[in-house]
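Participant: Numbering (our numbering), first residue to last: 5 to 476.
Could you have a look at this structure, given as structure tokens, before my questions?
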């Protein structure tokens, strides 16, 4: 019987939780997994007694969907997505909709959307953020696809999304790859946020050296102020957890080797390709790569010199405040860079991205959800054409208030030999952006010297280029 509002393919944890979310909001859901036993187990346990239709074949699955059919794919990005699409297409009709809810590369989404559009089938790339809990209770959702297709999907996705300030954390981002691109930049900003928090931890550990319990109190107090966010909140909880095996703080027994799945590298790679400075997120990606070189670092630590450890002699409370301000200012720069990248990409692909909508849907459900995002939403309401967040009066005032502490924290880190690549990159970007004149004049002279690349002059109209015969 074709009465299901939507169907989902791929019953890993995220897929299962999204299905349960949809069903809990009143939607009838068909489900299919390539391994039939997975479908059967889900049906017998988590889906038992619910308005969920388990299907053993794709034919049965598509037959269970009301028209226009809406089939969401939740499988590993790359070739597996193409394989499922290839199997689905012969079973669908013009007007039906395929949705990819994984972390697919936006160019793959553009390719798939174009190919399916030619067959009369709508294809949506939907970014979903919030992890397992968000999928179940309400994630932040970033859909990209046709306006016509979105009319059919909006009643479902706006209802299953998180709610912030009374608004659904789901907006139509734009055509083809827009949704997956916005989700990619979200993940890049997430990399930056996490690294900045880790650097704040590192500076405090090298200076005032709080216990794990004290760290929990520090981050807990920060979470009650301007830094209030999901990531600060979970950091507070992490510091309070004890390892049952050793009795030590759990954070102290976790190996310092970070993993990554690739979206951060995609973000940085495309920023470089478009000529957009993305130094904070770039530093965060590099920090993860360096952390993976654990054996090399251990070897180097035995022979490479650095500042000798010394007791902290300053004001403890002031140091903690300085690090908090540095974290806040650096976070602002990271988001500034991320929104600049979204702006350039939006123009490149003619997506018509709405920054107010983007910051609005990131306020709930997603990993980077934070009180801070309310102010970003307000900034773009005040000025939809804002070129840089730090030019907004509210955020400019934050930089004014935090700048001295920001510099103090980084200077202290340098004196103690603590690597703070993201803090440093954020401040360097700010100092470069606010400089009316940079040393690039010397760089241009060098380029002209060895490659006759020419240069412009300060005393001539822009667009006129000159060359010096350096060997004359």
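Glycine included, C-beta positions come from ideal geometry on N, C-alpha and C.
Since the model is a prediction, treat every value here as computed from it, not as a measurement.
Between residue 355 and residue 127, what straight-line distance do the alpha-carbon atoms span, to the nearest angstrom?
Facilitator: Those two C-alpha atoms are separated by around 16 Å.
Participant: Taking residue 191 as the reference, which of 146, 223 and 90 has the closest Cα?
Facilitator: Answer by Cα proximity: 146.
Participant: To the nearest angstrom, how far is it from the Cα of residue 315 to the Cα of residue 413?
Facilitator: So the alpha carbons of these two residues sit roughly 16 Å apart.
Participant: Report back the beta-carbon spacing between residue 398 and residue 337 to the nearest angstrom; my notes put them in contact at under 8 Å.
Facilitator: Actually they do not touch by this definition, with Cβ atoms about 15 Å apart.
Participant: Give the single residue among 109, 70, 65 and 205 whose Cα lies nearest to the Cα of residue 86.
Facilitator: The option with the nearest alpha carbon to residue 86 is 109.
Participant: Please classify residue 197: is it buried, with 16 or more other beta-carbons within 10 angstroms of its beta-carbon, or exposed?
Facilitator: It is buried - the Cβ of residue 197 has at least 16 other Cβ atoms within 10 Å.
Participant: Exposed or buried, residue 469, counting other C-beta atoms within 10 Å across all chains shown (16 or more means buried)?
Facilitator: Exposed is the call here.
Participant: Go to residue 2, then tell me how far its alpha helix (DSSP H) extends in each direction, as first and last residue.
Facilitator: Residue 2 lies beyond the range of the chain shown here (5 to 476); nothing can be said about it.
Participant: Give a yes or no on whether the C-beta atoms belonging to residue 113 and residue 180 are separated by under 8 Å.
Facilitator: Yes. Within cutoff.
Participant: Could you give the distance in angstroms between the alpha-carbon of residue 209 and the alpha-carbon of residue 251?
Facilitator: Distance between the alpha carbons of residue 209 and residue 251: 20 Å.
Participant: Among the candidates 19, 211, 475 and 94, whose CA atom is the shortest distance from the CA of residue 325?
Facilitator: Nearest option by C-alpha distance: 211.
Participant: Taking all protein chains shown into account, decide if residue 345 is buried (16 or more other Cβ within 10 angstroms of its Cβ) or exposed.
Facilitator: The residue in question, residue 345, is buried, as its Cβ has 16 or more Cβ neighbours within 10 Å.
Participant: Check the DSSP bridge columns for residue 59 and list the partner residues they point to.
Facilitator: BP columns for residue 59 point to 36.
Participant: Please list the terminal residues of the continuous alpha helix (DSSP H) segment that includes residue 9.
Facilitator: It is not in any alpha helix (DSSP H) - residue 9 carries neither H nor E in the DSSP assignment.
Participant: What would DSSP say about residue 1, mapped onto helix, strand or coil?
Facilitator: Residue 1 lies beyond the residue range present for the chain, which begins at 5 and ends at 476; the question has no answer from this structure.
Participant: On the criterion of 16 or more Cβ atoms from any shown chain inside 10 Å, does residue 388 qualify as buried, or is it exposed?
Facilitator: Exposed.
Participant: Just mark residue 48 as buried or exposed, buried being the case when its beta carbon has 16 or more other beta carbons within 10 Å.
Facilitator: Per the 10 Å Cβ criterion, exposed.
Participant: For residue 260, I'd like the list of residues in its chain whose CB is within less than 8 Å of its CB, leaving aside the five on either flank, ordered along the chain.
Facilitator: 295 and 298.
Participant: Can you say whether residue 420 is buried or exposed, counting buried as having 16 or more other CB atoms within 10 angstroms of its CB?
Facilitator: Buried, because 16 or more other Cβ atoms sit within 10 Å of the Cβ of residue 420.
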